[in-house]
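Notes follow once the structure below has been shown.
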Amino acid sequence: MDHKASPLNRKFWTPGVYVMLVFMIAGFLAILARFTGGIGYVSNLSAARPWGLWVGVDVATGVALAAGGFTTAALAHIFGRHSYEPVIRPALLTAMLGYTFVVLGLLVDIGRSWAIWKPVFFWNTNSVLFEVAMCVMVYLHVLYFEFIPIVVEQFKDKVRLPGILELLNGPIEMFLKVADVVASKMMWILIILGVVLSCMHQSSLGSLMLIAPTKIHPLWYTPIMPLLFLVSAFAVGYPMVVFETTLVTSSFKLDSEMSILTPLTRITIFLLGLYMLLKFGDMFVRGTYVYLLDGTYQTNSFIVEVLFGILVPWLMLVSTKIRQTRIGVFTAATMIVFGVALNRINVFIVGYTSPITEGGYFPSIVEIFVTLGLIATLMFIYRFVVTFLPVLQAAPEPITSEEVSS
Amino acid sequence: MQLTRRNFFKFMGVTGASAAAAPSSAQAWQSKAPPDPYGCLVDLTRCIGCRKCEEGCATVNKLPAPVKATCDCTVFEKKRRPDVNAFTTVNRYFSGKLDVLDKPSPTYVKVQCMHCQDPACVSACISGAITKKENGTVHYNVDRCIGCRYCMVACPFEIPAYEYHDPITPEVRKCTFCFDRISKEGGLPGCATICPVEAITFGKRETLLKLAKQRIKSDPNKYVDHIYGEKEVGGTSWLYVSSVPFSKLSFPELPETPSPKLAETIQHSLFSYLWSPILLFGFLGGMMYKFDKKDENTQDKGGA
Chain A
173 MDHKASPLNR KFWTPGVYVM LVFMIAGFLA ILARFTGGIG YVSNLSAARP WGLWVGVDVA
233 TGVALAAGGF TTAALAHIFG RHSYEPVIRP ALLTAMLGYT FVVLGLLVDI GRSWAIWKPV
293 FFWNTNSVLF EVAMCVMVYL HVLYFEFIPI VVEQFKDKVR LPGILELLNG PIEMFLKVAD
353 VVASKMMWIL IILGVVLSCM HQSSLGSLML IAPTKIHPLW YTPIMPLLFL VSAFAVGYPM
413 VVFETTLVTS SFKLDSEMSI LTPLTRITIF LLGLYMLLKF GDMFVRGTYV YLLDGTYQTN
473 SFIVEVLFGI LVPWLMLVST KIRQTRIGVF TAATMIVFGV ALNRINVFIV GYTSPITEGG
533 YFPSIVEIFV TLGLIATLMF IYRFVVTFLP VLQAAPEPIT SEEVSS
Chain B
147 MQLTRRNFFK FMGVTGASAA AAPSSAQAWQ SKAPPDPYGC LVDLTRCIGC RKCEEGCATV
207 NKLPAPVKAT CDCTVFEKKR RPDVNAFTTV NRYFSGKLDV LDKPSPTYVK VQCMHCQDPA
267 CVSACISGAI TKKENGTVHY NVDRCIGCRY CMVACPFEIP AYEYHDPITP EVRKCTFCFD
327 RISKEGGLPG CATICPVEAI TFGKRETLLK LAKQRIKSDP NKYVDHIYGE KEVGGTSWLY
387 VSSVPFSKLS FPELPETPSP KLAETIQHSL FSYLWSPILL FGFLGGMMYK FDKKDENTQD
447 KGGA
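As they're listed, the protein sequences go chains A and B. Using our numbering, the first residue of the first sequence is number 173, and each one after it goes up by one. Using our numbering, the first residue of the second sequence is number 147, and each one after it goes up by one.
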């Protein structure tokens, strides 16, 4: 595949973008309410339920679904599968934006947002959250550094600022050249470091709840939770790339890249199979299958997670017939993404009950608006970046005579 | 990829050294509990539900006066939890026990931070804002707090409360064990000072355990044979004895394993001296080098 990644240079303001803008404004207002009235004013959080939608979705699910970044980097750059390179840049962009929004979500959720830097100086190495926070912080920087070559490629030798800013052209040009040299020299370290940091915090996210054995439903509380989180992050990485690439290529009318996506799903059969094996094995070893028929909403959520998020998509991918159709691959990938997202929601929200103050939790409308607003902003920036920077590599679909004439 | 042979071997060297150091670093988990902490023994058979302890707590901790301080009836209609403005609360339970006149006899239960020996909140706290002091206190230092509320997730007793309505500088609030008072010679917590029936006994935890055992032994018909807090989550500084099984009084049933043990064991066996990340880094570096080399070879062949 010789086609180089390039900016899309399409019209930016489409109806879809306006919809995103509406959610962004709603989210902004919700965040404004959070920072004037306090978390208690806008959310359904309490002493019995200190973590809700923001931690369960914005942080835990966000990190899991950004796994496409390190899994594709490992495949193409470390294990030498260069044919997958076209999906690396979009996956990197998703990871970079995903982690940025994990941090933004955290800033909304933690009570003293302005104190977020404190763990850098005040260490508690016993704390799982400390390790997760340090890894996420370093990894976010790694992702930004990994992105430098894409920016440099677009602007090197082309910096033409107008008017008085002309004076800055020289220095910026210099800066880009230095950044280019430094980044390309360090790139191999960054790529390996990114994979290592990802393995560390993806698994540690699973260790977070180990400290609360009496609060997490036994269907999820297992000492191998960190392993399950790590393997499910591996398993969801490529499906997330498939999910996203299919959405992007169909929305921008680009070539569907099935030649890359189909082999990616073959790897997924193995990774998802391994996850399934661990998940079922854990259930049988600990005997937690006794809960399966008790009909509570927690158990039902577990059944949906395992059935529609793991078993059914795995069987779909095993079938050669389904694996070779675009819609089949997309459906299976979407279900896997859904399954891992639901797993994180189950561990952090559905499976959590305080044995003292029982009583359910459902996020308030403002909590939901914050989350939707953050997701909309992420998509908005994604669209902005792929429009103006060389991220996507797919060739346009051949039938474009009408578009050419217009 | 810009992985030169020299860099590669440099990293392999580091990897080898750290891999060699790894087994010695993975030690068995050890309790960090202070050896001779203070504690309080609450004897529920003595408590008459006067709620003077709530009043004493509010006074010494400069909290608002307790709700319905003079009323001894309606306040018990609802079970109250400790809150940002009340570090301790007393609740009433009718467990089916009858008094001499065959009327239901109430049991009153004072609730506050248990000051665990190996506290889950201390292990969880991202920035070390919560610490277990030598005198037994589980102490909160707001200057380090970022408001992540992981302590609240971790606490098996659902104790830390949070100033949810403060948008910028909320604090975690809970019983302080009157740290400043008990740090002084002869100092007592506010609640223990004021209790008119000596339901709360302050002292060294070891002494209190002996006292509790003695009380149970001297009147086995009155007490259930269980000191709540002796073994729960590895032991707590606050201890309870009762005539009614604790499960009927909203005391959570807890394992004897200290809450932090599993998570800390996993974390430290994986990440002590960062041995596993460094090993992984070396392995992936090796892979990258190997596949790069393979690429070069195939390219050479293609060129020739």
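Every residue gets a Cβ at the ideal spot worked out from N, C-alpha and C, and that includes glycine.
Does chain A have any CB closer than 9 angstroms to the CB of Leu430 of chain B?
Yes, Leu430 of chain B lies at the interface with chain A (some Cβ there is under 9 angstroms from its Cβ).
Taking three-plus beta-carbon pairs below 8 angstroms as touching, is the region 317-335 of chain A in contact with the region 270-277 of chain A?
As far as the Cβ criterion goes, the region 317-335 of chain A does not touch the region 270-277 of chain A, which means the pair count is below three.
Alpha carbon of Leu339 of chain A to alpha carbon of Phe327 of chain A, nearest angstrom:
If you draw a straight line from the Cα of Leu339 of chain A to the Cα of Phe327 of chain A, it is about 16 angstroms long.
What is the rounded straight-line gap between the Cα of Gly431 of chain B and the Cα of Tyr447 of chain A?
Their backbone Cα atoms lie some 26 angstroms apart in a straight line.
If you measure from the beta carbon of Val160 of chain B to each beta carbon in chain A, is any gap under 9 angstroms?
Reliability fails at Val160 of chain B, whose pLDDT of 46 lies under 50, so the model's placement of it is uncertain and the value that follows must be treated cautiously. No, its Cβ sits nowhere closer than 9 angstroms to a Cβ of chain A.
Does any residue of chain A have a CB that is nearer than 9 angstroms to the CB of Ala172 of chain B?
With a pLDDT of 49 at Ala172 of chain B, under the threshold of 50, the predicted position of this residue should be treated as unreliable, and no value is reported.
For the beta strand (DSSP E) holding Arg192 of chain B, just list the boundary residues, first then last.
Careful: Arg192 of chain B lies outside any beta strand (DSSP E) and carries neither H nor E.
So with Cβ pairs under 9 angstroms, would you call Gly212 of chain A a contact of chain B?
Yes, its Cβ sits closer than 9 angstroms to a Cβ of chain B.
Spatial distance of Asp365 of chain B from Cys196 of chain B (CA atoms):
The straight-line gap from Cα to Cα measures roughly 24 angstroms.
Which listed residue (A:Phe552, A:Val490 and A:Asn298) has its alpha carbon closest to that of Thr411 of chain B
The residue among A:Phe552, A:Val490 and A:Asn298 with its C-alpha nearest the C-alpha of Thr411 of chain B is A:Asn298.
Write down every uninterrupted run of the alpha helix (DSSP H) in the region 474-501 of chain A whose length is 4 residues or greater and which is fully enclosed by it, in chain order.
Inside the region 474-501 of chain A, DSSP marks whole alpha helix (DSSP H) runs of 4 or more residues at positions 484-490 and 492-495, from first to last along the chain.
Less than 9 angstroms between the beta carbons of Gly282 of chain B and Arg351 of chain B, yes or no?
Contact: yes.
Test: Thr339 of chain B CB closer than 9 angstroms to a CB of chain A:
Not one chain A Cβ lies under 9 angstroms of Thr339 of chain B.
Mind listing the chain A neighbours of Asp312 of chain B? Cutoff is C-beta to C-beta under 7 angstroms, in chain order.
Around Asp312 of chain B, the beta-carbon contacts reaching into chain A at under 7 angstroms are Gly210.
With a cut-off of 9 angstroms, does the C-beta of Asp189 of chain B fall near any C-beta of chain A?
Not one chain A Cβ lies under 9 angstroms of Asp189 of chain B.
Short of 8 angstroms in beta carbon distance, which residues of its chain neighbour Leu465 of chain A, apart from the five on each side in sequence? Order them along the chain.
Same-chain partners within the cutoff: Thr471.
So what's Val318 of chain B in DSSP terms, helix, strand or just coil?
Of the three classes helix, strand and coil, the one that applies to Val318 of chain B here is strand, per DSSP.
Does any residue of chain A bring its CB to less than 9 angstroms from the CB of Thr315 of chain B?
Closer than 9 angstroms to some Cβ of chain A, the Cβ of Thr315 of chain B qualifies, so yes.
Between the alpha carbons of Arg295 of chain B and Tyr435 of chain B, how many angstroms are there, rounded?
Their Cα atoms are separated by approximately 44 angstroms.
Cβ contact check for the region 237-255 of chain A and the region 292-308 of chain A: 3 or more pairs under 8 angstroms:
In short, these stretches do not touch, since the Cβ pair count stays below three.
Is it the case that the region 369-380 of chain B contacts the region 229-243 of chain B, given that we only count it when at least three CB pairs across the two stretches are under 8 angstroms?
They do not touch, by the three-pair rule.
Helix, strand or coil at Ile282 of chain A [DSSP, three-state]
Note: Ile282 of chain A maps to coil in three-state DSSP.
Closest by CA to His522 of chain A, which one among A:Thr529, A:Val512 and A:Tyr533?
The sequence as given places Val at residue 522 of chain A; His does not occur at that position. If we check each option's Cα against that of Val522 of chain A, A:Tyr533 comes out closest.
Start and end residues, beta strand (DSSP E) containing Pro435 of chain A
Unbroken run through Pro435 of chain A is the alpha helix (DSSP H), Met430 to Arg458; no beta strand (DSSP E).
Where Met309 of chain A meets chain B, residues with beta-carbon distance less than 9 angstroms
Neighbours of Met309 of chain A on chain B: none; closest Cβ ~12 angstroms, over 9 angstroms.
Along the chain, where does the alpha helix (DSSP H) that runs through Trp360 of chain A open and close?
Its alpha helix (DSSP H) spans residues Asn341 to Ser379.
Can you list, in chain order, the residues of its chain with a C-beta nearer than 6 angstroms to that of Gly241 of chain A? Leave out the 5 residues immediately preceding and following it.
Only Ala263, Leu264 and Ala267 meet the Cβ criterion.
According to DSSP, is Ile346 of chain B helix, strand or coil?
Ile346 of chain B falls in the strand class under three-state DSSP.
Residues that DSSP places opposite Ala267 of chain A in a beta bridge:
According to DSSP, Ala267 of chain A bridges with nothing at all.
So what does DSSP say about Thr394 of chain A, is it helix, strand or coil?
Thr394 of chain A falls in the coil class under three-state DSSP.
Positions along the region 388-420 of chain A whose CB lies within less than 8 angstroms of some CB in chain B
Against chain B - using a Cβ distance shorter than 8 angstroms - the residues of the region 388-420 of chain A are Pro395 and Pro398.
If we call anything under 9 angstroms between Cβ atoms a contact, is Met359 of chain A one with Pro385 of chain A?
Cβ distance not < 9 angstroms, so Met359 of chain A and Pro385 of chain A don't count as in contact.
Determine the extent of the alpha helix (DSSP H) in which Ser415 of chain B is found, giving its start and end residues.
Residues Pro406 to Phe417.
Leaving out five residues before and five after Cys203 of chain B in sequence, what residues of the same chain have Cβ atoms less than 6 angstroms from its Cβ?
Around Cys203 of chain B: Phe233, Thr234, Gly336 and Cys337.
Complete beta strand (DSSP E) runs within the region 208-289 of chain B (minimum length 3 residues, chain order):
You should have 235-244, 250-257, 276-278 and 284-286.
Near Leu244 of chain B, which residues of its chain fall below 7 angstroms by C-beta distance, leaving aside the five closest residues on each side in sequence?
Within the same chain, Leu244 of chain B has close Cβ partners Pro250 and Ser251.
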